[in-house]
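Asker: Sharing a structure, written as structure tokens. Questions coming.
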Amino acid sequence: MKFAIISFPGSNCEYDLFYLLRDEFQIETVFVDYRETSLPADAKAVLIPGGFSYGDYLRSGAIARFSPIMEAVKEFANNGGLVIGICNGFQILTEAGLLPGALRHNESLNFICKPEPLAVKNNQTSFTNLYDDSETVVFPIAHGEGNYYCDEETLAKLKQNNQIVFTYQDNPNGSVEDIAGIVNEAGNVLGMMPHPERASEAILGGIDGARLFQAMIDSQAVKN
Amino acid sequence: MFNVKIFVTYKESILDPQGEAIKTALHRMDYTNVNQVVQGKYFEMQIKHNGQDINEEVDQICDQLLANVNTESYRFEISELVEG
Amino acid sequence: MKELSPTEIKDEKLYLDWGLSEQEYESVQRMLGRLPNFTETGLFAAMWSEHCSYKSSKPLLKQFPSKGKRILQGPGEGAGIIDIGDGQAVVFKAESHNHPTAVEPYQGAATGVGGIVRDIFSMGARPIASLNSLHFGEPTDPRTKFLVDQTVAGIGDYGNCMGIPTVGGELTFDDAFKQNPVMNAMCVGLLDVENSQIGAAAGAGNLIYYVGAKTGRDGIQGAIFASAEFSDEKETQRSAVQVGDPFAEKQLMEACLDLIQNHADILVGIQDMGAAGLVSSSAEMGAKAGYGMELNLDLVPQREAGMIPYELMLSESQERMLLCVKKGYGKQVEELFDRYESEAVQIGVVTEDTSYKLYQHGKLVADVPVHTLVDEAPVYTYESKMPERMNEVNNFVPEVTNLNETMEAMLKQPTIASKHEIFERYDSMVQTNTIVAPGSDAAVIRVRGTNKALAMTTDANPRYLYLNPYLGGQIAVSEAARNIVASGGVPIGITDCLNFGKPNDPEVYYELSQATKGMAEACTIFDTPVISGNVSLYNESNKKAIYPTPMVGMVGLIEKQSDITTIDFKNADDLIYLLGTTGNDYNGSEIQKMQEGTISGQFENFDLATEKANQDLVTKAIQAGLVVSAHDLAEGGLAVGLVESVFKHELGFAVAVDLTAAELFSETQSRFILSVKPANKAAFEEIVKENAQLIGQVTAEQDLKISTKDHQEMNLNVGATKTIWKESLAWQLK
Chain A
0 MKFAIISFPG
10 SNCEYDLFYL
20 LRDEFQIETV
30 FVDYRETSLP
40 ADAKAVLIPG
50 GFSYGDYLRS
60 GAIARFSPIM
70 EAVKEFANNG
80 GLVIGICNGF
90 QILTEAGLLP
100 GALRHNESLN
110 FICKPEPLAV
120 KNNQTSFTNL
130 YDDSETVVFP
140 IAHGEGNYYC
150 DEETLAKLKQ
160 NNQIVFTYQD
170 NPNGSVEDIA
180 GIVNEAGNVL
190 GMMPHPERAS
200 EAILGGIDGA
210 RLFQAMIDSQ
220 AVKN
Chain B
0 MFNVKIFVTY
10 KESILDPQGE
20 AIKTALHRMD
30 YTNVNQVVQG
40 KYFEMQIKHN
50 GQDINEEVDQ
60 ICDQLLANVN
70 TESYRFEISE
80 LVEG
Chain C
0 MKELSPTEIK
10 DEKLYLDWGL
20 SEQEYESVQR
30 MLGRLPNFTE
40 TGLFAAMWSE
50 HCSYKSSKPL
60 LKQFPSKGKR
70 ILQGPGEGAG
80 IIDIGDGQAV
90 VFKAESHNHP
100 TAVEPYQGAA
110 TGVGGIVRDI
120 FSMGARPIAS
130 LNSLHFGEPT
140 DPRTKFLVDQ
150 TVAGIGDYGN
160 CMGIPTVGGE
170 LTFDDAFKQN
180 PVMNAMCVGL
190 LDVENSQIGA
200 AAGAGNLIYY
210 VGAKTGRDGI
220 QGAIFASAEF
230 SDEKETQRSA
240 VQVGDPFAEK
250 QLMEACLDLI
260 QNHADILVGI
270 QDMGAAGLVS
280 SSAEMGAKAG
290 YGMELNLDLV
300 PQREAGMIPY
310 ELMLSESQER
320 MLLCVKKGYG
330 KQVEELFDRY
340 ESEAVQIGVV
350 TEDTSYKLYQ
360 HGKLVADVPV
370 HTLVDEAPVY
380 TYESKMPERM
390 NEVNNFVPEV
400 TNLNETMEAM
410 LKQPTIASKH
420 EIFERYDSMV
430 QTNTIVAPGS
440 DAAVIRVRGT
450 NKALAMTTDA
460 NPRYLYLNPY
470 LGGQIAVSEA
480 ARNIVASGGV
490 PIGITDCLNF
500 GKPNDPEVYY
510 ELSQATKGMA
520 EACTIFDTPV
530 ISGNVSLYNE
540 SNKKAIYPTP
550 MVGMVGLIEK
560 QSDITTIDFK
570 NADDLIYLLG
580 TTGNDYNGSE
590 IQKMQEGTIS
600 GQFENFDLAT
610 EKANQDLVTK
620 AIQAGLVVSA
630 HDLAEGGLAV
640 GLVESVFKHE
650 LGFAVAVDLT
660 AAELFSETQS
670 RFILSVKPAN
680 KAAFEEIVKE
690 NAQLIGQVTA
700 EQDLKISTKD
710 HQEMNLNVGA
720 TKTIWKESLA
730 WQLK
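Residue numbers (numbering that gives the first Met the number 0), protein chains in the order written: chain A, 0 to 223; chain B, 0 to 83; chain C, 0 to 733.
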């Protein structure tokens, strides 16, 4: 099984995902450069890593979404492929229109890095089906622009379609409805500000994140 | 050649934490009559005429890249540069 | 900027404004056999500044041990290199950015981080962690609040964007730093030894490449500026501040590491353009290799029009590096950098003779022997006089009548109160190797693919140094080692930043020479050679020097990850031991500062041999698997050390000591708190013998109980106490 990690100029969590998938899950993982126009044909999932693509200049994710590879990512997503955007990846997915809403500066205006307890609000997705309903998990956050915003109408739709996947238990950044992560309507594209890859090894202080990657792997194994 | 000035700010309904922080600071400095502060982004561009409607082109640039229309609004001023 | 003629320079004594003394200007004339022109005068002023030449500190730095069985590269390169086995090495260095931070804290701090990161990757190492050491005025001062906020933002924004975890640092407050804060940044990198690089440009005909950002007028005279006293001329200082671009640096780093790791065969040398920008990097690379160099300044990528040679050579624009590339491979380098959207431009060639020649618009604008710039700077020693204050006697003994109240008041002291709000503004976890995050004695980073880890810390207690620079210097190194040891590591080397006042003040020179003497002795005892460092003098404003602040950045090796130890008590019923003896050491202490408003008196009680012996016992006990938690005792003494140990897991303790209530706050050195499982009592005591006393137990009840021999009782609730400790500093900095 092969997973693809998109690397943009300024991405900086791509190796964290790479080592985790390789060493803890024995998943073959390839980097796909932002200048490419296609994904490996056998890629089972696309991961958009955290970091500061283009230095977060203009707005986080605003420039990266115009990268050539993003058309292929859109196509992959529209065909039902699993796509996860973490932190800057989430920002890019919203800028690219694959997920609704936008991420603003944290309410405190400061960058915040700390473990954050989350509630699993939807455990029916291919990313979260190994969690219990409403289970509390702890993933670190590390962002300056993670304050999720969407208008009332979008929010109503998110709720109606059960698209809110993770919420903060102690809202650190001002996100509407404590939103930490959402999926698209079809449920195959997940964007989240917290970093599950930083909570997937006991030596780093937590393993709650590991089940998210395991769920992604399991969902693709079933299909094969 | 056109000189284009573009202003991008948060929409009115969106909290502008930087603007709020500046307002608080001004109040602390005794400028208590400052009612509202909006912090935005300002861009200046020089654009060559290429036959396309310049207003439309700038509008596209703003819509696609410079502003996130989920949260931001924009306006622009265009003036023609006298070729030297 | 107008270029004066050589005779105008001489007549108007322009060189004095640039920091060259009369004697130095004369010796330049002697070496050249003529008057230097405008550009040349500028080159010498920059290269002979303290920042580049260490002219005032060189004889003192010679005291430091710099060799050892693990040392692959000592001082003199971008950073030092220490072997950690398996073909890998750790590379680290620290640098001060005090003056830029005082003037423009956000950019000053950001570019401080950017500069030290370039030093690390220029050696071929990937940066794996950043640390810092910050000393500010009292947090009640409005300017200090602003400085702290902006400095922290600058450090965070740069490191976070680069994807280098900021894992540690110290932050202290004292009026002595009000106008001249100390901002020291340290970076640690991991190197495959086969990739190690040096900054040398050898081989006539080889190509000199300029890579990275364009050159502007920012930061001109930065090196000179760092070597001059602060005045109130704000405007001229402001022109010296550079602006950082972490995104450009990330691209530059990836390009350089790609070149080093995958195309080492075409790369001769590489160096950061740091202080004194293009001139220092190019002249040093030439001089080190024993070759000359010709540069065509028209080819230097420029951000502004009409820059004169002086400006181009001395600009400290950020995110630039200089490479020496084998003849015939220029195109390959250009293509590689292009892939990272970074620019690489050939600006010159290495020459057989050892002259350093600059051309602009077809004219030769400077021609000096390269070694005169790099190796011929004068060396100074100054008059030294023991400061009067060291004779002052103060028999201060703290008044502790209500232990609960004193404890709570101590936890509110800005230097003791929790720094979590600051640490949380740094991404401490990116790269997913951070095992122990900021807030413990030392940060611990795993070495991926091995069972090893690296412990790292930055330390200096300027108050001790102010009272006794010699012992304070010993303590700075010892405390760093104590932090490494408490974390389960073995110290392997240090870097330092010597932040002092102006060296021609005899009292300051005394501080500098005594502090370095003490540090050198401690480094010898701990077998921690000094592999890199930097000197920042002239730290004063309004004629008053800052407290002497030799920051020690130490790295330790942890061979087995199971040895990693944190400060936190982990299980109820574990036994609590105090290792080391406690005396009446209050001068320079946090409680003296709190109760008397300042520090004074003699400071004499410190013994390196005891320190080393105690540390060895801790290492032995940890490696025997007998230690659950270890915490070194520092500011606030035993009382503060105990409560710090319970905050993470919100346990309690019941402790009874054969000490007075006042002695709970004594800052006697060489002490640790260790917690041990009851089952391991005998085995542990067999190792530590009478050097450690059992003073109590960890409890599940969340009460913090201490009783003293003068019949005082402390009884606090962990939750409420933690809140005080956690929120005080954030509150004071608001």
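Even glycine gets a Cβ: it sits at the ideal position worked out from N, Cα and C.
(1) For residue 104(C), which residues of its own chain have a beta-carbon under 6 Å away from its beta-carbon, when the five flanking residues on both sides are left out?
(2) Buried or exposed for residue 528(C), going by 16 or more other Cβ atoms inside 10 Å?
(3) Using the Cα positions of residue 76(A) and residue 55(B), report the straight-line distance between them to the nearest angstrom.
(4) For residue 25(B), decide whether its Cβ has a neighbour in chain A, counting only Cβ atoms nearer than 8 Å.
(5) Contact criterion: CB-CB distance below 8 Å. Does residue 8(B) meet it with respect to chain A?
(6) In the DSSP assignment, find the beta strand (DSSP E) that holds residue 44(B) and state where it starts and stops.
(7) So which residues of chain A does residue 17(B) contact, with C-beta pairs closer than 8 Å?
(8) Exposed or buried, which one is residue 174(A) when buried takes at least 16 other CB atoms within 10 Å?
(9) Taking the straight line between their C-alpha atoms, what separation do you get for residue 245(C) and residue 251(C)?
(10) List the residues of chain A that residue 426(C) touches, going by C-beta distances under 8 Å, in chain order.
(11) Which runs of the alpha helix (DSSP H) fall wholly inside the stretch 542-629 of chain C and span at least 4 residues, in chain order?
(12) With H, G and I counted as helix, E and B as strand and the rest as coil, what does DSSP make of residue 424(C)?
(13) Give me the chain A residues within the contact set of residue 13(B), using Cβ-Cβ distance strictly less than 8 Å, ordered along the chain.
(14) With DSSP as the reference, please indicate the residues paired to residue 539(C) in a beta bridge.
(15) Please confirm if residue 208(A) has its CB atom under 8 Å from at least one CB of chain C.
(16) List in chain order: all unbroken alpha helix (DSSP H) runs of 4+ residues lying wholly within the stretch 96-181 of chain A.
(17) Spatial neighbours of residue 114(A) within its chain, please: CB distance less than 6 Å, with the 5 preceding and 5 following residues excluded, ordered by chain position.
(18) Would DSSP call residue 12(A) helix, strand or coil?
(19) Determine the chain B residues that contact residue 34(A) at a beta-carbon separation under 8 Å, and present them in chain order.
(20) Any chance you could list the alpha helix (DSSP H) runs of at least 4 consecutive residues sitting entirely within the stretch 355-442 of chain C, in chain order?
(21) 8 Å is my cut-off, CB to CB: does residue 447(C) come that close to chain A?
(22) Would you mind giving the Cβ-Cβ distance between residue 192(C) and residue 86(C), rounded to the nearest angstrom? I have them listed as a contact below 8 Å.
(23) So, helix, strand or coil for residue 29(C), using DSSP?
(24) Under 8 Å, Cβ to Cβ, is there at least one residue of chain A near residue 159(C)?
(25) Along the beta strand (DSSP E) that carries residue 26(A), what are the first and last residues, could you check?
(26) Taking CB distances under 8 Å as the criterion, tell me whether residue 212(A) reaches chain C.
(27) Buried or exposed: which applies to residue 120(A), given that a residue is buried once 16 or more other Cβ atoms fall within 10 Å of its Cβ?
(28) Can you tell me which of 6(A), 39(A), 104(A) puts its alpha carbon nearest to the alpha carbon of residue 19(B)?
(29) Note down the Cα distance separating residue 524(C) from residue 476(C), rounded to an integer number of angstroms.
(30) So within the stretch 139-191 of chain C, which uninterrupted alpha helix (DSSP H) runs reach at least 4 residues, ignoring any that extend past its ends?
(31) Helix or strand or just coil, what does DSSP make of residue 40(C)?
(32) Sorry if obvious, but does the Cβ on residue 511(C) come closer than 7 Å to a heavy atom of the ligand ZN?
(33) Check residue 323(C) in the structure and name its three-state DSSP category.
(34) In this structure, how does DSSP classify residue 32(A) when only helix, strand and coil are distinguished?
(35) Do residue 423(C) and residue 26(A) have their C-beta atoms within less than 8 Å of each other?
(36) Give me the Cα-Cα distance between residue 9(B) and residue 669(C), rounded to the nearest whole angstrom.
Answerer: So, from the data block:
(1) Working through the third sequence from its first residue, we reach residue 104(C) at position 105. Once the five neighbours on either side are set aside, the close Cβ partners of residue 104(C) are 146, 149, 150.
(2) Position 529 of the third sequence holds residue 528(C). Around the C-beta of residue 528(C), 16 or more other C-beta atoms lie within 10 Å, and the residue is accordingly described as buried.
(3) Looking up residue 76(A) in the first sequence gives position 77. Looking up residue 55(B) in the second sequence gives position 56. Spanning the alpha carbons of residue 76(A) and residue 55(B) requires a straight line of approximately 31 Å.
(4) Locating residue 25(B) in the second sequence gives position 26, counting from the first residue. Residue 25(B) does not count as touching chain A.
(5) Counting from one through the second sequence, the residue named residue 8(B) turns up at place 9. Output row for residue 8(B): interface = no.
(6) The count along the second sequence starts at 1 and reaches residue 44(B) at position 45. Start and end: 39-46.
(7) On the second sequence, position 18 is the one that residue 17(B) refers to. Below the 8 Å Cβ cutoff, chain A contributes 104, 108 as neighbours of residue 17(B), in chain order.
(8) Walking along the first sequence from the start, residue 174(A) turns up at place 175. Buried, since its Cβ has 16 or more Cβ neighbours within 10 Å.
(9) Position 246 of the third sequence, counted from the first residue, corresponds to residue 245(C). Position 252 of the third sequence, counted from the first residue, corresponds to residue 251(C). Cα to Cα, the separation comes out at about 10 Å.
(10) The residue you call residue 426(C) lines up with position 427 of the third sequence. Those within 8 Å of residue 426(C) in chain A are 110, 112, 141.
(11) Counting only runs of 4+ residues, the alpha helix (DSSP H) found wholly inside the stretch 542-629 of chain C occupies 589-595, 607-622, in chain order.
(12) Counting from one through the third sequence, the residue named residue 424(C) turns up at place 425. If DSSP states are grouped into helix, strand and coil, residue 424(C) belongs with coil.
(13) The count along the second sequence starts at 1 and reaches residue 13(B) at position 14. 103, 148, listed in chain order.
(14) On the third sequence, position 540 is the one that residue 539(C) refers to. Answer by DSSP bridge pairing, in chain order: 544(C).
(15) The residue given as residue 208(A) occupies position 209 in the first sequence. False, the Cβ-Cβ gap to chain C never drops below 8 Å.
(16) Taken in chain order, the unbroken stretches of alpha helix (DSSP H) that lie wholly in the stretch 96-181 of chain A and span 4 residues or more are 151-159.
(17) Within the first sequence, residue 114(A) is the residue found at index 115, counting from 1. Excluding residues within five positions, the ones whose Cβ falls inside 6 Å are 137, 139.
(18) Counting from 1 along the first sequence, the entry for residue 12(A) is found at position 13. Note: residue 12(A) maps to coil in three-state DSSP.
(19) Along the first sequence, one-based indexing puts residue 34(A) at 35. None at all; the shortest Cβ gap to chain B is about 18 Å.
(20) Runs of the alpha helix (DSSP H) inside the stretch 355-442 of chain C: 369-373, 402-410, 419-422.
(21) The residue you call residue 447(C) lines up with position 448 of the third sequence. Answer yes: the Cβ-Cβ gap between residue 447(C) and chain A drops below 8 Å somewhere.
(22) What you label residue 192(C) is simply residue 193 of the third sequence in a count that begins at 1. What you label residue 86(C) is simply residue 87 of the third sequence in a count that begins at 1. Contact holds; Cβ gap of about 5 Å.
(23) Taking the third sequence and counting its residues from 1, the one referred to as residue 29(C) is at position 30. It is helical.
(24) Stepping through the third sequence from its first residue, residue 159(C) is reached at position 160. Yes - at least one Cβ of chain A is within 8 Å of the one on residue 159(C).
(25) Taking the first residue of the first sequence as position 1, residue 26(A) is located at position 27. For residue 26(A), no beta strand (DSSP E) segment is defined, and its DSSP state is neither H nor E.
(26) Reading the first sequence from its first residue, position 213 is the one you call residue 212(A). Taking a beta-carbon distance threshold of 8 Å, residue 212(A) does not count as an interface residue toward chain C.
(27) What you label residue 120(A) is simply residue 121 of the first sequence in a count that begins at 1. Buried.
(28) Position 20 of the second sequence, counted from the start, is the residue given in the question as residue 19(B). Answer by Cα proximity: 104(A).
(29) To locate residue 524(C), count along the third sequence from 1; it is residue 525. To locate residue 476(C), count along the third sequence from 1; it is residue 477. Distance between the alpha carbons of residue 524(C) and residue 476(C) is about 10 Å.
(30) Runs found: 141-161.
(31) Here residue 40(C) refers to the residue found at position 41 when the third sequence is read from its first residue. Residue 40(C): helix per DSSP, three-state reduction.
(32) Because no ligand of any kind appears in the structure shown, any question about the ligand ZN cannot be addressed here.
(33) For the purposes of this step, residue 323(C) is taken as the residue at position 324 of the third sequence. Shown here, residue 323(C) sits in a strand according to DSSP, grouped into three states.
(34) In the first sequence, residue 32(A) corresponds to position 33, counting from 1. Residue 32(A) carries a strand assignment under DSSP once its states are collapsed to helix, strand and coil.
(35) Taking the third sequence and counting its residues from 1, the one referred to as residue 423(C) is at position 424. Taking the first sequence and counting its residues from 1, the one referred to as residue 26(A) is at position 27. No. Outside cutoff.
(36) Mapped onto the second sequence, residue 9(B) falls at position 10. Mapped onto the third sequence, residue 669(C) falls at position 670. C-alpha separation (whole angstroms): 56 Å.
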